[in-house]
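Asks: By this note's numbering, the letter at position 180 of the sequence shown is numbered 1024, and the numbering carries on one by one without gaps.
Cβ atoms here follow ideal geometry from the backbone N, Cα and C, with glycine treated the same way.
Remember, predicted model here, so these are calculated numbers, not experimental data.
One structure is given below, represented as structure tokens, and several questions about it will come after.
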Amino acid sequence: MSADDSRPLRLTRRQVLEGGAALAVLGYVQPGFAAEAAPAAPPVLPSDPGVSTLSVRMTINGVGRSLALDTRTTLLDTLREHLGFTGTKKGCDHGQCGACTVLVNGRRINACLTLAVLHEGDAVTTIEGLAHGDQLHPLQSAFVHHDGFQCGYCTPGQICSAVGMLGEHQAGMPSLVTEDLESRPELTDTEIRERMSGNICRCSAYPNIVAAIKDAAGEPL
């Protein structure tokens, strides 16, 4: 072993930079430092043999619509991506937060949990369909008056759910906390909270939401 061999390896800053540039040009990636980018999946086209499309006709906010959709398309994606009704929000995509609540034939549902092709002939109402021109729906006005929102992301679903909930209450439908099943329950705070429990507000504006619903329903605050 010569005297030079016993010296520790010394590299200048220039040598390190030159070596790194050479490795980058050659496409070499040292394991553990960076992952190779996965190739992008090819786009799914309606003409692809694995895609099945069906025609579906629905009435959206009072206007008839006819669409040819991939049978796997949810009602939520149909409203947002195909029709531009972006007031209906995509939250958890698992039916747990209620941000995508819309009304179908007057009943509230989670649009992320149902396929659009299942709603042939149905009437769908989104938050955009509640107002009449410049005149807000009473629940929309009440939410504004009582500051029933903070960030506002869950608000369209909250309002649509409240419209459906008040309809259910008017029809005499009981909830889990209703004690007297023989008569229409009073619209107490407990009833409202239970009936609206499928709609989550991450800002915790619940007291104002309850006040807005009671006000719109004509209940004493």
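Can you look up G1011 in the DSSP assignment and give me helix, strand or coil?
Replies: Annotated three-state conformation of G1011 is helix, per DSSP.
Asks: Alpha carbon to alpha carbon, how far is N905 from I971? Give it in angstroms, no decimals.
Replies: 9 Å
Asks: Rounded to the nearest angstrom, how far is the Cβ of I1044 from that of G942, given a contact under 8 Å?
Replies: 6 Å
Asks: Assuming V1054 is part of the alpha helix (DSSP H), what are its boundary residues?
Replies: 1050-1060
Asks: For L1025 versus H1013, is the C-beta spacing smaller than 8 Å?
Replies: no
Asks: Should the segment 1048-1057 be regarded as contacting the segment 928-947, the criterion being three or more beta carbon pairs within less than 8 Å?
Replies: no
Asks: Please return the same chain residues whose Cβ sits closer than 8 Å to the Cβ of G973, not counting the five positions on each side in sequence.
Replies: I904, N905, G906
Asks: Give, in chain order, every unbroken run of the alpha helix (DSSP H) that is at least 4 residues long and sits entirely within the segment 923-994.
Replies: 982-989
Asks: Since I believe L898 is in contact with L913 (beta carbons under 8 Å), could you give me their beta-carbon distance rounded to a whole number of angstroms?
Replies: 6 Å
Asks: My guess is that R916 and E964 are in contact by the Cβ rule of under 8 Å, so how many angstroms apart are they, rounded?
Replies: The Cβ separation is near 16 Å, so there is no contact.
Asks: Hey, how far is the Cα of A1060 from the Cα of V895?
Replies: 45 Å
Asks: Suppose you measure from the CA of E880 to the CA of H938; what does that come to, to the nearest Å?
Replies: In this prediction, E880 has a pLDDT of 48, which is less than 50 and means its spatial position is unreliable; what the coordinates show is noted afterwards. About 31 Å.
Asks: Tell me whether Q874 is buried or exposed, calling it buried when 16 or more other Cβ atoms sit within 10 Å of its Cβ.
Replies: With a pLDDT of only 42 at Q874, under 50, the local geometry of the prediction cannot be trusted, and the value read off the model is given with reservation. Counting Cβ neighbours within 10 Å, Q874 comes out exposed, since fewer than 16 surround it.
Asks: Is the CB-CB distance between P1000 and G931 below 8 Å?
Replies: yes
Asks: Which value, in whole angstroms, describes the spacing of the CA atoms of H926 and R909?
Replies: When rounded, the distance between both Cα atoms is 11 Å.
Asks: Once the 5 residues before and after A865 are set aside, which same chain residues still bring their CB inside 8 Å of it?
Replies: Because A865 sits at a pLDDT of 45, beneath the cut-off of 50, its placement in the model cannot be relied upon, and the following sentence gives the value as read from the coordinates. Taken in chain order, the list of residues that qualify is empty.
Asks: With DSSP collapsed to three states, give me the class of I1003.
Replies: helix
Asks: Am I right that G1042 and S1005 are in contact with their C-beta atoms under 8 Å? What's the rounded C-beta distance?
Replies: 7 Å
Asks: Count the other CB atoms within 10 Å of the CB of N954; is the residue buried (16 or more) or exposed (fewer)?
Replies: buried
Asks: Would you decide whether C995 is buried or exposed? Buried here means 16 or more other CB atoms lie within 10 Å of its CB.
Replies: exposed
Asks: Just verifying my parser: in three-state terms, what is the DSSP assignment at R1046?
Replies: coil
Asks: Return the first residue and the last residue of the beta strand (DSSP E) that T1034 is part of.
Replies: Looking at the DSSP string, T1034 is not in any beta strand (DSSP E); the run it does join, the alpha helix (DSSP H), is 1033-1039.
Asks: In the DSSP output, which residue or residues are listed as bridge partners for S899?
Replies: A912
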